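First the structure, in the form of structure tokens, and then the observations on it.
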Amino acid sequence: MRRWNDLMLKTKMFVTFSAVSLFIILLTCLIFYYKNVNDIKNQTYSLSEMITKQFSRTFELYMQEIEKLSISIFGDPVIQSNLLAHYETFDPVENNRIEISINSRLFNHAHSRPHVESIAIFTLDGDVYYVSKGQNQLLNNSLQNETWFENNPKIYENTFFLVPTAKENAIGGTQVHVIPFVRNINRVPSRNVMGYMKININADVIDNMLVPSDTNEMEKNMRVFIITDEGHIVYDNKHELTGRTSIDMDTSILQRDHRYGDMIWNGKQYLYTYEKSSYSGWNTMILIPNDFILSEQKRSQYILIIVGLLATLIIAVVSYVLSHHITLPLRYMMKKMNRVEQGDFSQRMTFEGNNEIGRLSRIYNNMLDSISRLISEVYESKLAEKNAQLSALQAQINPHFLYNTLNIMKSISRIRGIEEVAEMSESLAELFQYSMHNLQHPVPLRQEMDHIHNYMNIQQHRFSNRFELRCDIPEELLQASVLKLTIQPLIENAIIHGLGKVKSGGYIDVSARKVNGILTIEVADNGKGMDDEQLFLLQHSLRAPNRMKELQDETRGIGLRNIGQRIQLLYGENHGIEVVSQPGAGTTVKLNFPYLTHENEEGKAAHEYFSRGG
Numbered sequence: 001m002r003r004w005n006d007l008m009l010k011t012k013m014f015v016t017f018s019a020v021s022l023f024i025i026l027l028t029c030l031i032f033y034y035k036n037v038n039d040i041k042n043q044t045y046s047l048s049e050m051i052t053k054q055f056s057r058t059f060e061l062y063m064q065e066i067e068k069l070s071i072s073i074f075g076d077p078v079i080q081s082n083l084l085a086h087y088e089t090f091d092p093v094e095n096n097r098i099e100i101s102i103n104s105r106l107f108n109h110a111h112s113r114p115h116v117e118s119i120a121i122f123t124l125d126g127d128v129y130y131v132s133k134g135q136n137q138l139l140n141n142s143l144q145n146e147t148w149f150e151n152n153p154k155i156y157e158n159t160f161f162l163v164p165t166a167k168e169n170a171i172g173g174t175q176v177h178v179i180p181f182v183r184n185i186n187r188v189p190s191r192n193v194m195g196y197m198k199i200n201i202n203a204d205v206i207d208n209m210l211v212p213s214d215t216n217e218m219e220k221n222m223r224v225f226i227i228t229d230e231g232h233i234v235y236d237n238k239h240e241l242t243g244r245t246s247i248d249m250d251t252s253i254l255q256r257d258h259r260y261g262d263m264i265w266n267g268k269q270y271l272y273t274y275e276k277s278s279y280s281g282w283n284t285m286i287l288i289p290n291d292f293i294l295s296e297q298k299r300s301q302y303i304l305i306i307v308g309l310l311a312t313l314i315i316a317v318v319s320y321v322l323s324h325h326i327t328l329p330l331r332y333m334m335k336k337m338n339r340v341e342q343g344d345f346s347q348r349m350t351f352e353g354n355n356e357i358g359r360l361s362r363i364y365n366n367m368l369d370s371i372s373r374l375i376s377e378v379y380e381s382k383l384a385e386k387n388a389q390l391s392a393l394q395a396q397i398n399p400h401f402l403y404n405t406l407n408i409m410k411s412i413s414r415i416r417g418i419e420e421v422a423e424m425s426e427s428l429a430e431l432f433q434y435s436m437h438n439l440q441h442p443v444p445l446r447q448e449m450d451h452i453h454n455y456m457n458i459q460q461h462r463f464s465n466r467f468e469l470r471c472d473i474p475e476e477l478l479q480a481s482v483l484k485l486t487i488q489p490l491i492e493n494a495i496i497h498g499l500g501k502v503k504s505g506g507y508i509d510v511s512a513r514k515v516n517g518i519l520t521i522e523v524a525d526n527g528k529g530m531d532d533e534q535l536f537l538l539q540h541s542l543r544a545p546n547r548m549k550e551l552q553d554e555t556r557g558i559g560l561r562n563i564g565q566r567i568q569l570l571y572g573e574n575h576g577i578e579v580v581s582q583p584g585a586g587t588t589v590k591l592n593f594p595y596l597t598h599e600n601e602e603g604k605a606a607h608e609y610f611s612r613g614g
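Heads up: the sequence shown at position 515 corresponds to 515 in full-length UniProt numbering, and the numbers run straight through without jumps.
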């Protein structure tokens with residue numbers, strides 16, 4: 001007891017938990033084994049009984065098809081008329097014609113059934129009409145030589161009966177077991193007996209009714225018999241006892257009320273099930289070797305032993321892990337920190353409580369919040385720095401001087417009749433005037449489209465009208481408020497990256513629509529598009545600006561990213577930019593703004609631009 005008290009708590013937990021668990025596993029395995037032994041036997045009984053009934057029913061259905069064949073034979077008008085003529089003539093020539101006619105009809109009926117070996121019609125005066133697929137030319141000389149005809153009351157009934165298996169010569173000189181199907185032939189419509197018919201069915205047809213599953217071991221080991229009440233073996237799936245008139249088997253079990261049980265045959269223990277056919281009067285019996293059931297029980301033993309060993313191993317591992325569970329939160333935190341090291345600052349600890357782990361988790365989360373906030377502040381600071389640099393660059397140029405110079409160029413060009421230069425100078429002057437003031441202030445969509453018109457006027461001269469601008473913007477949306485210089489960079493991207501190498505037929509579609517208070521502006525081109533990798537990197541750069549170096553084409557990514565940041569800084573994170581593209585199918589860029597109307601001065605040339613279609 002003292003040694004037990006001296007053990008570490010971790011060791012005590014491990015030993016106690018393992019011992020109790022092993023006892024429970026051992027008890028559970030024993031109970032499961034004894035229950036499983038009974039279940040295996042009951043399942044074997046059930047499956048064997050099901051197969052027995054199914055096989056018996058299949059055999060009945062086949063014999064019903066043979067019965068239909070026999071009805072079609074004796075109801076054949078040719079056979080009926082020739083049998084009637086047989087009894088009325090004694091002319092050898094006429095008898096020969098009758099034989100040829102009847103045998104021809106019998107051949108047609110037999111040929112349509114691959115397992116029908118032969119068909120014979122016995123007349124009451126001792127003649128036989130007969131066709132066979134084997135080498136037999138004549139079964140017997142007369143009806144009286146048939147064993148089934150003697151002392152058989154069924155021949156006087158207007159029905160059929162089956163005869164236990166016999167042998168018949170087949171093609172190639174071999175002998176096959178056949179099941180004779182016998183019925184009387186009545187004259188139509190008087191129903192007077194004119195003769196008897198015997199259809200010999202190849203017993204191998206039963207093999208096709210009993211195709212064992214490759215995955216069912218019981219079906220591979222079972223023995224199937226069709227047996228008469230007198231013990232005559234009609235069919236044996238092993239083909240060893242087919243046709244035997246008696247075997248060393250207690251056939252009295254066929255008279256018992258219980259259709260299953262245990263029996264000893266040839267010195268071995270078997271489980272049996274049988275089903276008596278009300279159609280044929282024969283019994284279908286299936287024998288399952290007791291050795292097979294024992295093998296299944298041994299297999300269950302092996303499985304239980306393996307499961308027990310695995311459970312023991314698992315319990316040992318679990319017991320050890322539970323004794324070291326305190327390290328799990330630390331390992332979890334290590335994984336989170338590795339993700340943070342890779343740039344994912346969204347990782348947070350979820351442990352709660354006031355213990356050491358809970359306090360450490362809160363400190364860790366607060367630290368990441370501070371880092372994320374500092375990164376955001378630095379990023380916004382850099383963005384502001386870039387805007388300041390842009391403003392400084394604009395300040396270095398005398399905008400009034402440049403604007404006046406362009407107007408002078410426009411006037412001189414018009415005076416000298418150089419209209420293209422005048423038009424380009426005018427467009428460029430308006431571009432400079434539009435972009436030099438109030439970049440951070442929203443403007444009406446109409447003014448932004450005027451600016452795009454001036455830009456496209458210059459680009460059309462540069463690229464010799466290799467592409468066109470198409471617009472689909474409802475008139476009521478032209479007064480919607482948008483950020484200045486957010487659409488024109490998208491047009492520029494479409495020309496440089498999508499349509500730069502297009503010789504003709506290029507287009508850029510600009511459309512706008514309002515849905516649920518959101519103004520969506522789409523710029524789509526039919527240029528070369530982007531593959532999945534380029535699109536993924538571009539979309540990722542829009543979501544994670546600090547990963548911009550991964551994008552090969554940085555100029556496109558920077559422009560789109562700046563537009564998205566400007567929109568989100570002014571309107572919130574629910575608005576921004578989306579990109580969709582496929583190789584060879586072009587690129588579509590969507591801008592999402594809150595729908596707001598602008599009350600300032602409208603653009604002056606948008607209506608002219610839209611009326612010209614770009």
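Glycine residues also receive a C-beta, built at the ideal position from the N, C-alpha and C atoms. Since this is a predicted model, take the numbers as computed values, not measurements.
Taking residue 241 as the reference, which of 273, 274, 203 and 512 has the closest Cα? 203
Own chain partners of residue 568 with C-beta closer than 7 Å, once the 5 adjacent residues on each side are dropped: 575 and 576
Just tell me which of 117, 483 and 220 has its CA closest to the CA of residue 177. 117
Span of the alpha helix (DSSP H), counted from its first residue to its last, around residue 291: 290 to 323
Residue nearest to residue 115 in terms of C-alpha spacing, selected from 180, 123 and 74: 180
Mapping DSSP to helix, strand and coil, what is residue 350? coil
Residues of its chain near residue 41, where Cβ-Cβ distance is below 8 Å and the 5 sequence neighbours each way are ignored: 271 and 293
Please name the residue in 186, 261 and 517 whose C-alpha comes closest to that of residue 597. 517
Can you find at least 3 beta carbon pairs, one from the segment 27 to 38 and one from the segment 259 to 271, that sit closer than 8 Å? no
Run the CB neighbour count on residue 3, radius 10 Å, all protein chains shown included, and call it buried at 16 or more, exposed below. exposed
Ignore the nearest five residues each way along the sequence and tell me which others in residue 131's own chain have a CB closer than 7 Å to its CB. 103, 106, 107, 110, 118 and 119
Residues near residue 423 in its chain [Cβ-Cβ closer than 7 Å; skip 5 each side]: 457
By how many angstroms is the C-alpha of residue 101 removed from the C-alpha of residue 54? 40 Å
Coil, strand or helix - residue 337 by DSSP: helix
Which residue from 323, 559, 5 and 128 puts its Cα closest to that of residue 198? 128
Roughly how many angstroms lie between the CA atoms of residue 224 and residue 92, to the nearest whole one? 50 Å
Under the three-state reduction of DSSP, which class applies to residue 622: helix, strand or coil? Outside the displayed range of the chain (1 to 614) lies residue 622, so it cannot be described from this structure.
Using 8 Å as the cut-off, can you tell me whether the segment 464 to 484 makes contact with the segment 437 to 454, which would need three or more C-beta pairs spanning the two stretches below that distance? yes
Residue 566: which of 383, 38, 531 and 494 sits nearest, CA to CA? 383
Using a 10 Å radius around the Cβ and a threshold of 16 neighbouring Cβ atoms, would you call residue 430 buried or exposed? buried
To the nearest angstrom, report how far apart residue 196 and residue 88 are at their CA atoms. 18 Å
The segment 292 to 309 / the segment 77 to 88 touching (three or more Cβ pairs under 8 Å): no
Start-to-end residues for the beta strand (DSSP E) that takes in residue 581: 576 to 582
Name the one or two DSSP bridge partners that residue 586 has. 582
Residue 16, buried or exposed, once every other Cβ within 10 Å from all chains shown has been counted against 16: exposed
Return the bridge partner residues of residue 118 from the DSSP annotation. 132 and 200
Reference residue 37, options 533, 300 and 586, closest by Cα: 300
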